[in-house]
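In the working numbering, the protein residues as written are 33 to 283.
Built from N, CA and C at the ideal position, the CB exists for glycine as well.
These numbers come from a predicted model, not from an experiment.
Scroll down for the structure; my scribbles are underneath it.
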Amino acid sequence: MLHAILFDVDGTLADTERDGHRVAFNLAFREAGLDWHWDIPTYGELLTVTGGKERIRHFIDTHAPTLPAVDDLTTWIAGLHKAKTAHYLELLQRGEIPLRPGVKRLIDEARDAGMRLAITTTTTPENVTGLLRATLGDDSPDWFEVIAAGDIVPKKKPAPDIYTWTLEKMDLAPGETIALEDSANGVRSACAADIPVLVTINDYTAGDDFDGAIAVLSQLGEPGAPAETLAGPAPDNGVVDLHYLAGLMDG
Ligand code: XBP
Ligand code: MG
Numbered sequence: 033m034l035h036a037i038l039f040d041v042d043g044t045l046a047d048t049e050r051d052g053h054r055v056a057f058n059l060a061f062r063e064a065g066l067d068w069h070w071d072i073p074t075y076g077e078l079l080t081v082t083g084g085k086e087r088i089r090h091f092i093d094t095h096a097p098t099l100p101a102v103d104d105l106t107t108w109i110a111g112l113h114k115a116k117t118a119h120y121l122e123l124l125q126r127g128e129i130p131l132r133p134g135v136k137r138l139i140d141e142a143r144d145a146g147m148r149l150a151i152t153t154t155t156t157p158e159n160v161t162g163l164l165r166a167t168l169g170d171d172s173p174d175w176f177e178v179i180a181a182g183d184i185v186p187k188k189k190p191a192p193d194i195y196t197w198t199l200e201k202m203d204l205a206p207g208e209t210i211a212l213e214d215s216a217n218g219v220r221s222a223c224a225a226d227i228p229v230l231v232t233i234n235d236y237t238a239g240d241d242f243d244g245a246i247a248v249l250s251q252l253g254e255p256g257a258p259a260e261t262l263a264g265p266a267p268d269n270g271v272v273d274l275h276y277l278a279g280l281m282d283g
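Written as structure tokens, this is what we have:
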């Protein structure tokens with residue numbers, strides 16, 4: 033029986049990565065006087081590492097970019113990442129990042145039905161509330177019983193920790209929930225927590241391995257603009273709704 037929907041954020045609620053996070057990272061690099069630039073394909077490769085601070089460190093380790101003399105790399109990365117978050121929040125406030133098709137419709141339907149909602153993401157908490165406020169209104173963060181985000185758990189996706197943390201907070205069993213994800217790391221994280229997972233792909237994740245997901249769709253779909261089903265059961269008329277999600281749970 034489905035009691036709660038657990039939403040990933042980046043790539044799932046909105047296409048935040050290419051025109052949001054990536055742009056914000058580059059603005060922070062320039063501001064810090066670094067000659068680093070993450071173009072679209074490079075950022076796609078870096079996305080295999082979740083978490084912005086972890087991604088910067090991975091870039092340093094793998095690309096050996098010019099680095100200023102710093103006392104403590106961890107502290108320096110944290111400062112650079114803080115500047116990136118400020119730029120990202122500005123992009124959100126300018127309304128530059130819309131929700132993906134079907135997201136608002138499904139959230140509205142779920143709220144009307146009294147379904148419990150949560151956010152389960154590796155991104156920084158302010159980024160979640162910023163996106164929700166900019167797209168769904170000031171009170172929308174309160175619609176989510178739990179916003180599990182960022183460094184709340186030490187191990188980010190693909191580790192199961194953020195999902196198990198959410199289940200504990202909500203006092204739910206994995207089989208009473210469904211996760212909505214967009215990436216292989218997200219699917220691995222949800223599956224490792226035994227949570228059924230539905231995937232909506234995007235340009236960066238279309239080639240990912242979604243082994244373990246119950247269904248893979250192009251998007252959640254809207255009446256008249258159906259989602260394409262890439263694996264698993266197809267929703268009626270290409271529109272993901274509560275009836276479809278409940279059916280996925282029944283197998
Ligand atoms: C999202 C992430 C995040 C964002 C950047 O993954 O990996 O790191 O790219 O956000 P998911 P921060 O969609 O699986 O949650 O810079 O705030 O980490
Ligand atoms: Mg994601």
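Kindly give me the distance between the Cβ atoms of residue i and residue j, rounded to whole angstroms, as I take these residues to be in contact under 8 Å.
i	j	result
Thr198	Thr152	5 Å
Pro173	Leu164	5 Å
Lys189	Thr154	5 Å
Ile109	Gly52	Not really, about 20 Å apart at Cβ, beyond 8 Å.
Ala238	Ala263	With a Cβ gap of about 12 Å, Ala238 and Ala263 do not count as contacting.
Leu112	Ile88	6 Å
Ala211	Asp40	7 Å
Val271	Gly283	Incorrect: roughly 21 Å between the Cβ atoms, too far for contact.
Ala46	Arg132	6 Å
Identify the residues that DSSP records as bridge partners of residue i: which are they?
i	result
Phe39	Ile151, Leu212
Glu254	Ala257
Leu249	Thr232, Thr261
Val178	Ala150
Ala266	The partner list for Ala266 (beta bridge, DSSP) is empty, contrary to what the question assumes.
Ala278	In the DSSP output, where bridge partners are listed per residue, Ala278 has none listed.
Leu131	Ala46
Under 6 Å Cβ to Cβ from residue i, same chain only, skipping five residues before and after it: list those, please.
i	result
Asp193	Val185, Lys187
Asn217	Thr82, Lys189, Pro190
Pro97	Trp68
Phe61	Trp68
Here's a check: name, in chain order, each residue in its chain whose Cβ is nearer than 7 Å to the Cβ of residue i, leaving out the five neighbours to either side.
i	result
Val219	Glu213, Val229, Val231, Phe242, Gly244, Ala245
Met202	Ala36, Arg148, Ala150, Glu177, Val178
Glu63	Ala115
His90	Leu78, Val81
Label residue i either buried or exposed according to how many other C-beta atoms from any shown protein chain fall within 10 Å of its C-beta, with 16 as the threshold for buried.
i	result
His119	buried
Asp67	exposed
Arg126	exposed
Val102	exposed
Gly84	buried
Lys116	buried
Glu49	buried
Leu277	buried
Asp240	buried
Leu38	buried
Ala145	exposed
Ala257	exposed
Thr209	buried
Any beta carbon from chain D within less than 7 Å of residue i's own beta carbon?
i	result
Thr156	Chain labels in this structure do not include chain D; a single protein chain is all it has.
Between which two residues does the alpha helix (DSSP H) carrying residue i extend?
i	result
Ala60	54-63
Ala46	Element bounds for Ala46: n/a, residue is neither H nor E.
Phe91	84-95
Ala110	105-125
Ala166	157-168
Once you ignore the five residues that flank residue i on each side, which residues in its own chain have a CB closer than 8 Å to its CB?
i	result
Gly162	Tyr120, Leu121, Leu124, Gln125
Is residue i near the ligand MN - that is, is its Cβ less than 6 Å away from at least one heavy atom of it?
i	result
Gly43	Among the ligands modelled here, namely the ligand XBP and the ligand MG, the ligand MN does not occur.
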